[in-house]
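Chemist: Below you will find the structure I want to go over with you.
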Amino acid sequence: MADSSFDIVSKVERQEVDNALNQAVKEISQRYDFKGTNAKIEWSGEKILMQASGDERVKAILDIFQSKLIKRGISLKSLEVEGEPQLSGKEYKLFASVQEGISQENAKKVAKVIRDEGPKGVKAQVQGDELRVSSKSRDDLQAVQALLKGKDFDFAIQFVNYR
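Numbering follows UniProt numbering, with no gaps: position 133 of the sequence shown is 133.
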């Protein structure tokens with residue numbers, strides 16, 4: 001019998017991030033506490049730019065955006081905020097980026113967890129920015145998925161291509 005397998009990936013649906021961003025823009029434009037503060041959130045290349053007249057307002061924009069991401073089913077672990085709000089002229093700016101793919105070191109961490117704590121006979125191979133897990137037993141693969149869901153990694157993971 002052939003091995004069963006699945007892939008561990010860290011992907012974010014760009015359209016869902018876009019939808020969350022558009023919802024945040026709409027809420028910011030309608031909220032009374034943002035009137036006259038030049039508050040905005042928008043794409044700036046591959047990053048998301050949040051801008052307002054005060055650092056607390058920028059943090060509030062970030063909070064709104066994060067709540068919209070959660071409602072759309074996107075893990076906050078895939079959103080990387082770059083430091084604290086920076087003063088640029090009269091405006092405070094904050095950049096955030098959406099992380100995709102599993103880095104080599106993170107893939108090695110996951111593979112080590114599978115080797116150390118997972119069922120025997122389960123193999124994990126790094127393939128680019130994803131991790132392929134294979135075994136003869138589908139039950140072992142489901143045990144690995146349950147094990148990884150119970151772990152708290154500092155990056156988002158999803159399971160795809162289960163066959």
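Virtual Cβ for every residue (Gly too), placed ideally from N, Cα, C.
Measuring alpha carbon to alpha carbon, tell me which residue in Val160, Phe155, Tyr92, Arg115 is nearest Glu56.
Modeler: Here residue 56 refers to the residue found at position 56 of the sequence shown. Nearest of Val160, Phe155, Tyr92, Arg115 to Glu56, Cα basis: Tyr92.
Chemist: Considering only C-alpha positions, which residue in the set Ser103, Leu79, Asn38, Arg163 is nearest to Glu46?
Modeler: The count along the sequence shown starts at 1 and reaches residue 46 at position 46. Among Ser103, Leu79, Asn38, Arg163, the Cα nearest to that of Glu46 is on Leu79.
Chemist: Let me check you understand the geometry: is the CB of Val160 closer than 7 Å to at least one non-hydrogen atom of the ligand MN?
Modeler: Although the ligand MN was asked about, the structure shown includes no ligands whatsoever.
Chemist: Exposed or buried, which one is Val133 when buried takes at least 16 other CB atoms within 10 Å?
Modeler: Residue 133 sits at position 133 when you count from the first residue of the sequence shown. Label assigned to Val133: buried.
Chemist: Which one of Gly101, Gln125, Glu100 has the shortest CA to CA distance from Lys112?
Modeler: As a working mapping, residue 112 is identified with position 112 in the sequence shown. When only C-alpha atoms are compared, the closest one is Gln125.
Chemist: Could you spell out where the alpha helix (DSSP H) holding Gln23 opens and where it closes?
Modeler: One-based indexing of the sequence shown puts residue 23 at position 23. From DSSP, the alpha helix (DSSP H) with Gln23 extends over 14-30.
Chemist: To test your reading of the DSSP string, which unbroken beta strand (DSSP E) runs of 3 or more residues are found completely within the stretch 51-96?
Modeler: Qualifying beta strand (DSSP E) stretches, in chain order: 79-81, 86-88.
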